[in-house]
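In my numbering, the protein residues as written are 14 to 135.
Note that beta-carbon positions come from the ideal geometry of N, C-alpha and C, so glycine has one too.
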């Protein structure tokens with residue numbers, strides 16, 4: 014039996030594999046539609062993850078649900094174990110470069126979160 018023990022046959026069906034593959038495209042493929050937001054800005058995939066999907070899966074673990082996405086905690090940081098986590102899209106939307114921040118009740122919040130807390134939007 015080989016090193017992968019049949020894993021190669023199923024990895025393409027794992028949602029985490031597609032996340033890994035897309036992450037690498039964003040950072041390395043100049044023809045990828047979102048390269049300008051990642052690779053062109055200097056965002057990289059750490060060497061460990063770049064060389065192996067299994068390394069990525071070992072560090073990140075399985076995606077908690079189909080609604081979770083891979084988030085970089087520091088938007089200017091690289092894709093690496095200490096800067097990534099699985100989050101729901103609503104939480105990830107709170108961590109975007111184009112968010113507008115406001116002060117609300119002595120707290121700095123993304124505008125949409127402040128509007129929700131003030132019952133302006135639901």
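Below 8 Å, too few C-beta pairs join the region 37-44 and the region 74-90 to call them touching: fewer than three.
Taking the C-beta atoms as reference points, residue 81 is found nearer than 8 Å to residue 101. Annotated three-state conformation of residue 82 is strand, per DSSP.
The Cβ atoms of residue 58 and residue 30 lie no closer than 8 Å to each other. Residue 76 sits in coil when the DSSP states are folded into three classes, being neither helix nor strand. Counting the other CB atoms within 10 Å of its CB gives residue 50 a total below 16, which places it among the exposed residues.
Distances from the CA of residue 71 to each of 132, 52, 94, 35 were compared; the closest alpha carbon is that of 94. With fewer than 16 other Cβ atoms from the protein chains shown falling within 10 Å of its own Cβ, residue 129 counts as exposed.
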